[in-house]
Structures are given as structure tokens and as C-alpha cells.
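Residues in the sequence shown are numbered from 1 upward in steps of one, following full-length UniProt numbering. Glycine included, each C-beta is placed from N, C-alpha and C at the ideal position. Down below is the structure, laid out as C-alpha cells.
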Amino acid sequence: MAERVTLQTIADRVGVSRATVSYAFSRPDQLSEELRARILRVAGELGYAGPNPTARSLRLGRAGALGLIFTETLPYAFADPYSIGFLQGLAVAAEEAAVGLLILQQPPGVQRPEIVRNAVVDAFCVFSLPDGHATLDAVLARRLPTVFVDEPYVPGLPFIGIDELAAAGEVVRHVVDLGHRRLGLALVGLHQDGRHGWADLRRQRSAEYEAMRTRVEGYRVAGEQAGVDWASVPVYEVAGNARESGREAGRALLARDPRPTAILCNTDVMALGVLDAAAEAGLKVPEDLSVVGFSDSGAEEADLTTIRQPKQLIGQTAGRMLLSGLPPEPERLILPHELIVRGSTARAPLPS
């Protein structure tokens, strides 16, 4: 069996101290270029790739990595506009602090708390975790700096998001002010059971995702305050945030009699699908139908009225809170949102 190569092995071969060899890998600015090149050349000849990262993190007391707990598939992370913006912001903060970003995936319907227990990271950013997820206990047990984004809100721990209740209320008041009373909702992200179909009030209120539950409650409260009979508002839910899912919801809502004159969607992707369904049905937007999205993720190209969320700022703020070197403040940080009115909403059509 070949002898195990260590820092001391290299030090003996080069004729320097073990600390000098260590500097060649961890603090290269402490050595001359010539000496470091000689050490790395000998290390390469001996087949030594560098210090064991796990052992090094234990010795230094830090891993040099931020763990992101993400409860969707990895392809979704790089396809969903909101997730992309959030990840960009988080990556900016990680780059500023010269640390890595480790995505700890918890796909829908799967709970892997052991991934969190075994993660070699310095802090956790928990992004949109549903109620009752086993990962939450694993995160809290690690006692590392942690920030929650969007959901859940854990009292006493840092949280970043927007005022979902207020934002949804602004959407409803906007369409009501335009004369709309026949509303419909196209929703994604209420539950993890994969169900597609009509969602009654009980199912809306029992949504497993706190942000979506609050958003839907904001629609309802504002609607009832404006005199809308919420029990008569059709709500269609889907499992995946995809344009085709939005098209499915749009078709179902537009097949109602009487059909809605305004459809509110809890994501922009869903709203794009509803626009497709309206075009299929021969309806003009906004003359025949008003459509509103949520998050302002690529909505400008579709001239979509929506709520703008500061997705990159949310990610960047979360990362900076965790990587500042100071314990994150146990506060609920609510960042500003904005209703962006574009060409997908107009006054309700006159009764025929």
C-alpha cells in the first residue's frame, strides 16, 4: 500500500516547515511565488491535491460555505424567474464574502433532514419551507446562524419577505376599482399533494405554504371588504408553477358560466398561462378579460400587471445578514413591494 502523503511528507521533501507547506495552500500571499511553485510542484509529484476540506473546516471552526435549503427540484431553481432572481442576490452576497454556496435540495414531497444534519456549512438560508417539514427541526438543532426567506416565520429568528397580505389586497382593490366583481383565482403552491382542481375555502385556508396561504387570505379579505361574495369566487389550484399549469387553470376558469372578468394569479408564470388560455378562447386582454400576476418576473414582456417583489434584494439581504460576521438580528424584515400596472388590466366589460 502506498504511503499516505501529508503536509509533513511534502515539507521533508522540499526542506521547509509543515506550516510553510500549509501556507502554500491556505495563505499563498505569505510565500514567494518561487517557493510556492516549488511546493505545489512537489505536492503534484507526490499526488497530493490539498488539505482535506472536512478536516480543515473542523480545525478552523468554519467551512467557508453557506447552505441554501431549497424545496424544489434543481432544474426548477434555474428555470423559475423568482428563484433565479433570489439566487442571484444570494450569490452576490456569497461572492462578496468569498464563500461557497451549497444547495441542500429538499424536492416537493421528499423530506431529507439528514442532508441538513450532515452539511458542512457555516450558516443556513431556508427558502420557502412548507409547514411541518422535518428539515426545520434539523436546522434548529444545528444552532448555526439561520435566516428564513418567505416562509416559515419562526418567532425569535430572522425572517425576510414582503407583506403578502397587503400586496394581495392591493391587487384586489386595483381590479375592483376598475369595476370588476366577477373574480377568479389561478393558484399554485398551496399543498404538496399534487392535486389539480377546484379549491374550496377550507383548502385555501389550510395551505401548507405560509406565504401562499397569507397571499390568498389577502385576496379574500380585500374582496370581502369590497363587497365581493368570496364564496362564489372560483379558485383553481395546480401543483406545479408552469405555464402549462396556468393554461389549464385559465381554461377551467374561463369555462365557467358566468365567466370571470378578472383572473388573479399568485405567480407571473401562472398568469402567462392564463393569457394563453384567453387567446385560445378568442378573448382579448384587457378588453374582455383582465389578468394580474405576482412577483414581476419577466412580466414586462407580456405587459402584465403584477406585484413587484425585490427578489434579488431579498437574496442579497439574506446572504449579507448571514455572512456579516455578526449574529443575525432576530427580526421580521419586511421589504417593500409595488403594484405595477401594465396593459393586462382595464375597466370591466359592460354586461352584454
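Check: Residue environment, G67, which counts as buried when at least 16 other CB atoms sit within 10 Å; Outcome: buried
Check: First and last residue of the uninterrupted beta strand (DSSP E) at A186; Outcome: L183 to V188
Check: DSSP three-state assignment for I162, whether helix, strand or coil; Outcome: coil
Check: Residue nearest to H196 in terms of C-alpha spacing, selected from E244, A211, G85 and R205; Outcome: E244
Check: E114 classed as buried or exposed, judged by whether at least 16 other C-beta atoms fall within 10 angstroms; Outcome: exposed
Check: Proximity winner among H180, A119, D268 and A302, relative to A186 (alpha-carbon distances); Outcome: D268
Check: Stretch-stretch touch, CB-based, cutoff 8 Å, three pairs: the region 305–314 with the region 277–284; Outcome: no
Check: Beta-carbon gap between L31 and V21 smaller than 7 Å; Outcome: no
Check: Integer Cβ distance of V216 from Q204, believed to fall under 8 Å; Outcome: 5 Å
Check: Unbroken alpha helix (DSSP H) run spanning E95, endpoints; Outcome: P81 to E96
Check: Any beta strand (DSSP E) of 3 or more consecutive residues that is wholly inside the region 166–248; Outcome: 183–188 and 235–238
Check: A123 - partner residues in DSSP beta bridges; Outcome: L66
Check: Helix, strand or coil at T71 [DSSP, three-state]; Outcome: coil
Check: Contacts around L283, its chain only, beta-carbon distance under 8 Å, and the 5 residues preceding and following it disregarded; Outcome: L254 and L289
Check: Of the listed residues W198, R220 and E224, nearest to R256 (C-alpha basis); Outcome: W198
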